[in-house]
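Just so you know, the sequence shown maps onto residues 1 to 266 in our numbering.
In this text, a Cβ means the ideal position worked out from N, Cα and C, and glycines have one as well.
Input: a single structure, listed below in structure tokens.
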Amino acid sequence: MNYYDILGVPEHATQDEIKKAYRKLALQYHPDRNSGHDEKFKEVALAYETLGNEGSRQAYDAKRRDPFSDPNFFNNFQNSGNFSDLFEQMFGQRRNPNAKGPDVRVQLTLTFEESYHGCRKNIDLGAGEFIVSIPSGVSTGSVLRVAGQGQNNPYNHQSPRGDVIINIHVMPDPHFVVNGQDIWVDIFLDWWDIVLGSSVTIDHPSGKLSVKIPEGSRPGKILRIKDKGMQSRNGNGALMCKINANYPELNETQIQLIKNIRDAKL
1 MNYYDILGVP EHATQDEIKK AYRKLALQYH PDRNSGHDEK FKEVALAYET
51 LGNEGSRQAY DAKRRDPFSD PNFFNNFQNS GNFSDLFEQM FGQRRNPNAK
101 GPDVRVQLTL TFEESYHGCR KNIDLGAGEF IVSIPSGVST GSVLRVAGQG
151 QNNPYNHQSP RGDVIINIHV MPDPHFVVNG QDIWVDIFLD WWDIVLGSSV
201 TIDHPSGKLS VKIPEGSRPG KILRIKDKGM QSRNGNGALM CKINANYPEL
251 NETQIQLIKN IRDAKL
């Protein structure tokens, strides 16, 4: 899987070109706009997550040229989790045949909406499958443990089975950015609506949301809406709305009025 090919950009593309390509494809394949393209949307999001960051892009390019060029290659292999955990558990089981079976590690990819609302997912381990409930508010790096769904102890099938450890990965969303428990979103308004105050209806994971723009606001101002961020048992985050200005084309009369305002002695 070549991430450059997925985004449709050359390997010498600039970061801005990569960002523009991702936004175009994310809107094209987003499940809310076109059903049936979930897997393609996941591919696009994963490609951008790697190439959209200069550090991870450099690492990706280096591994494509030569995987052994990565100075952490052997350390990553040794500490990969699956290998070392399985090695330890298997030898531990020979010493203690009553020990529980090996744990199984899997990665589960979620959309932003699934991470916000929570969901139920089918986990297929090949030898068996089960349904797991994903709580709302999980983020990339979250780890869930499901007891008793791992492997059997190969030396004693009467012993408890191991656990399944689920590493969560949340795909980037073209409309929202998650920072901790807060959700960030850009709002675009004509500059006079920003200065004079107005209200705007925006899309939110929970539905349409009306946001009031206070009079005297400025481009770049950030509005914080309490309890509209990511949900969790420890409390909800906030929705952080950054105000951005549109500058539409003006006719001569409008331009003259603006000049009059500029020149007015108040």
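query	result
Supposed close pair G162, V104 - CB separation, criterion 8 Å	7 Å
Residue(s) in a DSSP beta bridge with E280	In this structure the chain extends from 1 to 266, so residue 280 is not present and cannot be described.
C-beta atoms of M171 and A45 nearer than 8 Å	yes
DSSP three-state assignment for V177, whether helix, strand or coil	strand
H204 (DSSP reduced to helix, strand or coil)	strand
CB-CB length for I213 against I194, believed under 8 Å	6 Å
Three-state secondary structure (DSSP) of Q107	strand
Collapsed DSSP secondary structure at R224 in the structure displayed	strand
First through last residue of the alpha helix (DSSP H) which encompasses L338	The structure shown has nothing for residue 338, since the chain only spans 1 to 266.
Span separating the alpha-carbon of L7 from that of Y29	12 Å
Identity of the residues DSSP links to R156 by a beta bridge	Note that residue 156 is Asn in the sequence shown, not Arg. For N156, which the question treats as bridged, DSSP gives the partners N153.
Exposed unless 16 or more other CB atoms sit within 10 angstroms - verdict on F73	Any reading at F73 must be qualified, since the residue scores a pLDDT of 46, below 50, and its modelled position is unreliable; the value itself is stated next. When all chains shown are included, F73 counts as exposed.
From Y48, P219 and E11, residue whose alpha carbon lies closest to that of K20	Y48
Complete alpha helix (DSSP H) runs within the segment 44-68 (minimum length 4 residues, chain order)	54-65
Q256 burial status per 10 Å Cβ neighbour count (16 or more: buried)	exposed
Proximity winner among N260, V211 and P135, relative to G197 (alpha-carbon distances)	V211
Residue(s) in a DSSP beta bridge with W184	V177 and M240
Touch test, the segment 108-120 against the segment 133-143, Cβ-Cβ under 8 Å, three pairs minimum	yes
For V195, the three-state DSSP class (helix, strand or coil)	helix
Residues near E129 by beta carbon distance below 8 Å, same chain, minus five either side	N122 and I123
8 Å Cβ cutoff met for V164 and G150	yes
Cβ distance (whole Å) where I168 is taken to contact V138 below 8 Å	5 Å
Inter-residue spacing [alpha-carbon to alpha-carbon] between G52 and I18	7 Å
DSSP three-state assignment for N260, whether helix, strand or coil	helix
Three-way DSSP call (helix, strand, coil) for A245 in this model	strand
Opening and closing residue of the alpha helix (DSSP H) in which H37 lies	Careful: H37 lies outside any alpha helix (DSSP H) and carries neither H nor E.
First through last residue of the alpha helix (DSSP H) which encompasses R23	Q15 to Y29
Other residues of its chain near V143: CB distance less than 8 Å, five sequence neighbours each side excluded	I165, I166, N167 and I168
With 16 other Cβ atoms within 10 Å as the buried cut-off, status of P102	buried
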